[in-house]
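Each remark here refers to the structure printed beneath this line.
Chains as they are written, first to last, in the working numbering: chain A, 568 to 1006; chain B, 568 to 1006.
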């Protein structure tokens, strides 16, 4: 479909900075065909009036567990170990249908708050009784609603246990199922250094290398993890997994809260992408990642929400807001980690982390048409003193009215076009009842 | 008008805890006439279908500078002194009409995100050239749109300077203008201990005492303030203003970031209400207030946004979210400062701070009908595992669809009924242009 967006403010990325300019946009098929310049022979199938709107790249959620939207507001305000225990008790009883509906619910919340692509680590389930197919459930949900996703299954265990081999095999065959799907790609998901034995890390990384995909791993999130790894391996989690070759493939390391200068050096040398999760880190009592230090070291930073059980929102505008505030507070330094910085994390940083630099996260001719259209005629954007600041410091995430993913209209005037949202809400309430999650 | 809200989830406050219950609500005139029980002889003028909605008390923003909505996104990501300087340069040129439109813009943003009452400290303008009437401009804006407000003018100076006397006189006569207005009450607004000389503090407090109103003051916000006061008075700002009698009247102390155990003891003994402003404290590099310690001491805490120049949002749901997360992160303690706590700050805590305990901030028979109705049929509230948690951890603030203030419908289905919002946006854009604030 050819889409012409007229008379809009457009967020552009030039020389490493975001600026806004008044432009028309032209979309052909899945791509942006023109920015301010009508492509030759262009004939619009659809015209969107961009008056008083801002068109910007769809945000990229670089770390989440989509199925965990079922866990939102389930077990809050308690110590981390207690929360984790309650969550795991429920996860033992989850079915692949639960993962599908939970992931779909997450996709709806993300689309409605301007996220067009997410990196998922779906159900790990180290315990017996878990069913097959969590990865295709998550991928299927994203594909069915028309959302771009990078799917990995959380894998834990030892290389030669029957269960680990079975889950790895499932993950592999599910990746096969989605070959050729424009929206869905995969990473391998070694869960964490304390849940994957070294030989399993080797096996998973070897697979990733063979298939030209990356690793998506939790790293250095909590004191608990630091203590275990120090005790078992005599070094930091980052040093350990580096030693075991995890970083030999493109890697997204989620969290990186408890990192020191040596860790930062390794992350930089190995080109590791760090997915920040500020709200989750706070909510679970893990603290603040050293974002300013990682920025100064030149590490590619991107932004995630983690799962709805430890946030409890998938609204990346709210996550940007918090990321731009907490370090100013923590360091008592009003000028650190700016609106420009966090907007980069949530767009071009995320694109780079998933190997899509230049194709996602910025508006330019030839890039994929993953775009969101915001209504600027709302009090939080008046006066229009600085739109870029406003996106980070004033927005709610609910100014998003229209969402285009891969050139397809997925939401228009706040109505999702591609799936029956009422059905999703109904199924998720039933799941919550069945799993005993209501309080 | 008699309003009947049917079939809704209602947020109730019982034994110090928020719970939800399925109830009908009955409003007569400005008050809640029945909760679950139809009052005798009740005949509805309007019926609101509460199916899949939550009815809760309107939130109370206990500290803001409404006119500063004009300053949103004006001078972000820079050191505090630089920001303040840029703001003050602009304030020198502000007119009373600017304050009216800026305050109106703030009121619109607050109503649209579920705030029904705000405590304002309006333009201080210690420099020459400022016009008369900022207090009535702010009060007038709130009154014209139908919003409840406690207005104070930021007063600074020495007791016997011509300018200070002039501004004080203005403030007094403006309070007279609004006598009998059900929505508008006043406090005296000594700006801060470093901007008001001791004799001015005495004068202002004496006036407050004589007229049975309170003091609304900034206290212990920054290191800068601590240093000045220590140097000039040999003690903390709290000890200093206590010594000068400021706390002899009911007081709202905004910020209280740099407070120690002695300060906390004074605040508790004198029954001072503390208005927390977490986002502003972070954005200006001032750090985190010791909320857990103040809670343990039994101080009444309430919640504010400060002005849009240092937030830059007036969305109190987002403020609650941040308040419930940052101390968990700062102390690395997942169970401190809960959803229940921050919801109290934003409702009953605020009501108590303005002398309206039992009349605002909670839904009960006989209380004032300041209510907000949220749509629960949105992905961030599905599944309904715990609505109270959801209000703090999942909401965006934009689930608010309908707002009733003093029994009057001010917003319905997200449309403000009582003022021309387009006109306000237009005026504010013109002001921003004139004052050179666009970047």
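All C-beta atoms, glycine included, are put in the ideal place defined by N, C-alpha and C. Model, not experiment: these values are computed from the prediction.
Could you tell me the boundaries of the beta strand (DSSP E) in which residue 593 of chain B lies?
Annotation: the continuous beta strand (DSSP E) that includes residue 593 of chain B extends over 584–595.
Below 7 Å on C-beta distance, what does residue 965 of chain A contact in chain B?
Contacts between residue 965 of chain A and chain B, judged by CB atoms closer than 7 Å, involve 963, 965 in chain order.
For residue 1007 of chain B and residue 718 of chain B, what's the separation of their Cα atoms in angstroms?
With chain B covering only 568 through 1006, there is no way to say anything about residue 1007 of chain B.
Among B/574, B/641, B/596, B/583, which has the Cα closest to the Cα of residue 999 of chain B?
In terms of CA proximity to residue 999 of chain B, B/641 leads the group B/574, B/641, B/596, B/583.
Is the Cβ of residue 854 of chain A closer than 8 Å to any Cβ of chain B?
Taking 8 Å as the threshold, the shortest C-beta distance from residue 854 of chain A to chain B falls below it.
Along chain A, which residues have their Cβ under 7 Å away from the Cβ of residue 977 of chain B?
What residue 977 of chain B touches in chain A: nothing, since even the nearest Cβ is about 14 Å away.
Between the region 625–634 of chain A and the region 581–591 of chain A, do at least 3 Cβ pairs fall closer than 8 Å?
Short answer: they don't touch.
Using DSSP bridges, identify the partner residues of residue 924 of chain B.
Residue 924 of chain B is bridged to B/927.
Strictly under 8 Å for the Cβ-Cβ distance: is residue 999 of chain B near chain A by that measure?
Contacts with chain A at 8 Å (Cβ-Cβ) include residue 999 of chain B.
Cβ closer than 7 Å: which chain B residues qualify as neighbours of residue 647 of chain A?
Residues of chain B with a Cβ closer than 7 Å to the Cβ of residue 647 of chain A are, in chain order, 901.
Considering only residues of the same chain and omitting the five flanking positions on each side of residue 979 of chain B, which have a CB-CB separation below 7 Å?
Shown here for residue 979 of chain B: same chain residues with a beta carbon closer than 7 Å to its own, the five before and five after excluded, namely 969 in chain order.
Below 8 Å, how does it come out for the region 819–830 of chain A and the region 868–882 of chain B: are there three or more Cβ pairs, yes or no?
Pairwise C-beta distances place the region 819–830 of chain A out of contact with the region 868–882 of chain B, as fewer than three of them are shorter than 8 Å.
In angstroms, rounded to a whole number, what distance separates the CA positions of residue 595 of chain A and residue 580 of chain A?
Rounded to the nearest angstrom, the two C-alpha atoms are 21 Å apart.
Buried or exposed: which applies to residue 714 of chain B, given that a residue is buried once 16 or more other Cβ atoms fall within 10 Å of its Cβ?
Burial state of residue 714 of chain B is buried, judged by a 10 Å Cβ sphere holding 16 or more other Cβ atoms.
Return yes when the Cβ of residue 876 of chain A is within less than 8 Å of the Cβ of residue 685 of chain A, no when it is not.
Contact: no.
So residue 669 of chain B is in the alpha helix (DSSP H); what residue range does that whole segment cover?
From DSSP, the alpha helix (DSSP H) with residue 669 of chain B extends over 663–679.
Helix, strand or coil for residue 639 of chain A? Go by DSSP, reduced to three states.
Residue state, collapsed to three classes: coil.
7 Å Cβ cut-off: residues of chain D touching residue 676 of chain A
The question asks about chain D, but that chain is absent: this structure's protein chains are A and B.
Are the CB atoms of residue 608 of chain A and residue 575 of chain A nearer to each other than 8 Å?
No; because the gap between Cβ atoms is not below 8 Å, this pair is not in contact.
Residue 983 of chain A beta carbon less than 8 Å from that of residue 675 of chain A
Yes, these two residues count as a Cβ contact at 8 Å.
What whole-angstrom Cβ distance do residue 672 of chain B and residue 636 of chain B have, given they're in contact under 8 Å?
The pair is a contact, with the Cβ atoms about 4 Å apart (cut-off 8 Å).
Give the DSSP-derived three-state secondary structure of residue 994 of chain A in the structure shown.
Residue state, collapsed to three classes: helix.
Here's the rule: buried if 16 or more other CB atoms are within 10 angstroms of the residue's CB, otherwise exposed. What is residue 748 of chain B?
Around the beta-carbon of residue 748 of chain B, fewer than 16 other beta-carbon atoms lie within 10 Å, marking it exposed.
Tell me whether residue 576 of chain A sits in a helix, a strand or coil according to DSSP, three-state version.
Here residue 576 of chain A sits in strand by DSSP.
Would DSSP call residue 616 of chain A helix, strand or coil?
Strand, per DSSP.
Starting from residue 617 of chain B, find everything on chain A with Cβ-Cβ shorter than 9 Å and list it in chain order.
Result: empty, since nearest Cβ-Cβ is about 17 Å, beyond 9 Å.
Proximity of residue 602 of chain A and residue 932 of chain A at Cβ, strictly below 8 Å
Result yes, Cβ atoms of residue 602 of chain A and residue 932 of chain A sit closer than 8 Å.
Would you verify that the beta carbon of residue 868 of chain A is, or is not, closer than 8 Å to some beta carbon of chain B?
At least 8 Å separates the CB of residue 868 of chain A from every CB of chain B.
Any C-beta of chain A under 8 Å from that of residue 697 of chain B:
For residue 697 of chain B, the pLDDT reaches just 46, beneath the cut-off of 50, and the residue's location in the model is therefore unreliable, leaving the point undetermined.
Which residues in the same chain have their Cβ closer than 7 Å to the Cβ of residue 694 of chain B, if we skip the five residues on either side of it in sequence?
Residue confidence is low: residue 694 of chain B scores 39 on pLDDT, short of 50, so the model does not pin down where it sits. No coordinate-derived value is stated.
Who are the Cβ neighbours of residue 803 of chain A in its own chain at under 6 Å, not counting the five residues just before and after it?
Result list for residue 803 of chain A: 830, in chain order.
Give me the chain B residues within the contact set of residue 821 of chain A, using Cβ-Cβ distance strictly less than 7 Å, ordered along the chain.
In chain order: nothing, as chain B lies at least about 16 Å away.
Using 10 angstroms around the beta-carbon of residue 665 of chain A, count the other beta-carbons present and answer buried if the total reaches 16, otherwise exposed.
It counts as buried.
Listing by chain order, which chain B residues have their CB less than 7 Å from the CB of residue 905 of chain A?
Within chain B, the residues near residue 905 of chain A are 644.
Mind listing the chain B neighbours of residue 1008 of chain A? Cutoff is C-beta to C-beta under 7 Å, in chain order.
Residue numbering for chain A in the displayed model covers 568 to 1006; residue 1008 of chain A lies beyond these limits and cannot be assessed.
Checking contacts by CB at 8 Å: is residue 775 of chain B closer than that to chain A?
No, no contact with chain A.
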